[in-house]
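In case it helps, the numbering used here puts the sequence shown at residues 98 to 240.
Idealized CB from N, CA, C, for every residue including glycine.
Please read all numbers here as calculations on a predicted model, not as lab measurements.
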Amino acid sequence: MHAFGGPTSATLERHKDLGSHVSREQGPHRHVISQQRRLETLLLRQNQFRPMEDSSSAAYIRLVHRLIEECILFNMSKEECMEALSKHANINPVITSTVWKELEKENQEFFEAYSRSRAERASERETNERIQNMVSDSSKERV
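Here it is as structure tokens:
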């Protein structure tokens, strides 16, 4: 798994129901390294991340990437993911946000479908709550 080539095949498999096509890159590509460098540069500019060596910074970015994928599997928003990773993995929210933004840039179709799916689920929850309230109110009136 590389830092920004898109969700791993396991994540893609679990998100088939989104109806989105997410392209996976095959083989080594130079632009993956440039994407990692670009993110590292952004993080260094913000003084949030100081890698001891190149391999550790790339590994850290891959870790954050993998954890973001796990958040997506739990249908979390970017903000929920930032909070969860900060609380449970001690990852600075700025780092999570930066990696998330880069993933969105590289996988625009996937994240558009993910956003639509989250909105549809929220709408369904609201509708179900209204129905439950109506049923509850109706049963209270009968008593």
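| Item | Value |
| --- | --- |
| Beta-carbon gap between Glu217 and Phe208 smaller than 7 Å | no |
| Helix, strand or coil at Asn230 according to DSSP, with G and I counted as helix | helix |
| Alpha-carbon spacing of Ser214 relative to His185, whole angstroms | 26 Å |
| Distance, Arg222 Cα to Glu176 Cα | 20 Å |
| Coil, strand or helix - Met179 by DSSP | helix |
| Proximal residues to Val232 (C-beta, below 8 Å), its chain only, five neighbours per side dropped | none |
| Integer-rounded CB distance, given that Leu182 should sit under 8 Å from Leu164 | 6 Å |
| Closer than 6 Å: Ser214 CB and nearest the ligand ZN heavy atom | Looking for the ligand ZN in the displayed structure turns up nothing, as the structure carries no ligands at all. |
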